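Here this note's numbering runs 10 ahead of the position in the sequence shown, where the first position is 1.
Where a beta carbon is used, it is the ideal one built from N, C-alpha and C, also for glycine.
Quantities reported herein were computed from a predicted structural model and do not represent experimental measurements.
Read the structure below first, then the notes.
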Amino acid sequence: LLGLFFLAVGMSLDLGVVAQNWRLVAIYVVAYMVMKAIGIYAVARILKSGHREALERAVFMAQGGEFAFVLYSSAAAVGIIDGQANATLTAIVIISMVLTPLAIIALRYLTPRDEQSLDGVDIAEGLTGSVLIIGFGRFGQIASQPLLLRGLDVSIIDNEVEMIQAAADFGFKVYYGDGTRLDILHAAGAGRARAVLICVDKPDAAVRIAQLIKAEFPLVTILARAFDRGTALQLIRAGVDYQLRETFESALVFGGSALEALGVDPEEVAEVIEDVRRRDTARFETQLAEGIRAGQRFLKGNIGTPIPTPLTQPRRAGRALNQETAVVLNQAETKN
């Protein structure tokens with residue numbers, strides 16, 4: 011079907027119109043693709059995408075869409091545009107589609123991906139630690155401390171060379187490896203570990219790693235860092251044994267300290283914090299069963315319960331518009 015679609019698109023290109031108005035078509039194609047690419051790039055950056063990712067999205071989606079053919083044909087059918095304009099606009103969209111693969115090739119040629127130098131960095135291979143930590147940013151560094159103080163054999167991998175080199179300056183041996191790859195998990199000893207700690211900061215990567223480990227090493231205990239509630243729900247569904255939202259515990263401690271600073275008794279603070287935990291657990295279980303929007307009744311908002319406004323009596327009594335309605339109203343009043 012896709013082949014038939016592009017065959018039909020190619021057949022709809024009027025080469026005569028393109029040859030006759032080639033300057034106009036060329037200008038409009040370039041202007042259309044550039045303006046659309048700029049808009050997509052801006053939106054991607056606003057949504058926190060990196061420069062490289064935003065640039066790729068802009069180039070990939072700079073072409074015209076298939077809906078344009080329907081739109082132009084409908085406009086021509088009702089007389090909004092004439093046949094010449096329809097053919098010209100259709101040609102612009104088709105040519106933008108043809109140029110998109112070339113633009114992608116040009117992007118990859120002009121902006122090659124930066125390859126990380128692995129000088130002085132050991133690649134994860136044949137690791138045998140009883141605990142495997144994946145991701146050694148701020149979260150992973152703190153999580154490693156109780157394990158290392160207990161004397162456990164901990165293997166650590168990360169996919170950021172700069173992080174690995176910086177960790178070495180502070181006395182940590184971190185191996186290079188991407189935890190979202192199954193071969194790296196094997197090389198890092200995930201199958202031999204008693205527990206795997208997923209401490210990466212990217213939600214999609216955390217879920218992907220959890221799914222791979224659960225499928226390939228079902229007996230390994232998985233503990234995961236969750237970016238937010240949505241990620242926590244995905245991790246539970248992926249089969250992790252324990253997940254922790256990265257800001258939950260610190261926020262509770264912070265809120266409790268605020269209560270103590272305001273003079274609340276420490277025992278009462280502990281009771282309040284425990285109540286928050288119970289509410290959060292109930293809400294989380296409800297969301298797990300019914301979806302992310304469920305369980306709002308367990309939240310304590312700062313808006314009071316709305317008080318309904320009393321009904322206002324009408325200024326004049328109603329009257330029936332015809333005899334049949336009057337009969338019905340009289341019967342209702344008699345019953346009341």
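Legend entry - Outcome for residue 306 when other beta-carbon atoms lying within 10 angstroms are tallied against a minimum of 16: exposed
Inset, instruction - From the DSSP output, in three-state form, read off residue 255 for me. - result: strand
Legend entry - Sequence-distant residues of its chain with Cβ nearer than 8 Å to residue 86 (five each side left out): 92, 93, 95, 96
Legend entry - beta strand (DSSP E) segment containing residue 165, residue limits: 164-168
Legend entry - Proximity test, residue 186 beta-carbon vs the ligand NAP heavy atom, cut-off 7 Å: Within the structure as shown, the ligand NAP is missing, as the structure has no ligands at all.
Legend entry - residue 219 vs residue 144 beta-carbon contact at 8 Å: yes
Legend entry - Segment contact, 8 Å Cβ cut-off, at least three pairs: the stretch 129-141 with the stretch 184-201: yes
Inset, instruction - State yes or no: is the C-beta of residue 200 within less than 8 Å of the C-beta of residue 230? - result: yes
Legend entry - Inter-residue CB distance, residue 106 and residue 42 (contact presumed, cutoff 8 Å): 6 Å
Inset, instruction - Report yes if the CB atom of residue 168 is closer than 8 Å to the CB atom of residue 149, and no otherwise. - result: no
Inset, instruction - Return yes when the Cβ of residue 234 is within less than 8 Å of the Cβ of residue 216, no when it is not. - result: yes
Legend entry - Span of the alpha helix (DSSP H) around residue 121: Segment: none, residue 121 is in no alpha helix (DSSP H) and carries neither H nor E.
Inset, instruction - Since I believe residue 101 is in contact with residue 40 (beta carbons under 8 Å), could you give me their beta-carbon distance rounded to a whole number of angstroms? - result: Going by Cβ atoms, the distance from residue 40 to residue 101 rounds to 14 Å, so no, they are not a contact pair.
Inset, instruction - Starting from the Cα of residue 108, find the closest Cα among 46, 23, 47 and give me that residue. - result: 23
Inset, instruction - With DSSP collapsed to three states, give me the class of residue 190. - result: coil
Inset, instruction - With a cut-off of 8 Å on the beta carbons, I'd call residue 308 and residue 287 a contact; round off their distance for me. - result: Contact flag wrong, Cβ pair sits at about 11 Å.
Inset, instruction - Give me whichever residues DSSP pairs with residue 205 in a beta bridge. - result: 141, 231
Legend entry - Buried or exposed by the 16-neighbour rule on C-beta atoms within 10 Å, applied to residue 274: exposed
Legend entry - N-terminal and C-terminal residue of the alpha helix (DSSP H) that residue 79 is part of: 77-87
Inset, instruction - Pick helix, strand or coil for residue 91, following the three-state DSSP scheme. - result: coil
Inset, instruction - Just mark residue 165 as buried or exposed, buried being the case when its beta carbon has 16 or more other beta carbons within 10 Å. - result: buried
Inset, instruction - Verify whether the separation of the beta carbon atoms of residue 205 and residue 141 is less than 8 Å. - result: yes
Inset, instruction - Look at the alpha carbon of residue 45 and the alpha carbon of residue 151, and state the distance between them as a whole number of angstroms. - result: 44 Å
Inset, instruction - Identify whether residue 8 lies in helix, strand or coil by the three-state DSSP scheme. - result: With the chain covering only 11 through 346, there is no way to say anything about residue 8.
Inset, instruction - Rounded to whole angstroms, what's the CA-CA distance from residue 211 to residue 238? Just pull it up for me. - result: 11 Å
Legend entry - Classification of residue 98 by the beta-carbon crowding that lies within 10 angstroms, buried from 16 upward: buried
Legend entry - Spatial distance of residue 313 from residue 236 (CA atoms): 29 Å
Legend entry - Buried or exposed (CB count within 10 angstroms, at least 16 for buried), residue 104: buried
Inset, instruction - Determine the extent of the alpha helix (DSSP H) in which residue 298 is found, giving its start and end residues. - result: 276-300
Inset, instruction - Give me whichever residues DSSP pairs with residue 105 in a beta bridge. - result: Paired residues: none, contrary to the question.
Inset, instruction - Would you decide whether residue 161 is buried or exposed? Buried here means 16 or more other CB atoms lie within 10 Å of its CB. - result: exposed
Legend entry - Start and end residues, alpha helix (DSSP H) containing residue 45: 32-56
Legend entry - Straight-line gap, residue 172 to residue 179 (C-alpha atoms, nearest Å): 11 Å
Legend entry - Residues that residue 133 bridges to, as DSSP identifies them: 186
Inset, instruction - Measure the alpha-carbon distance for residue 25 versus residue 34 and round it to whole angstroms. - result: 14 Å
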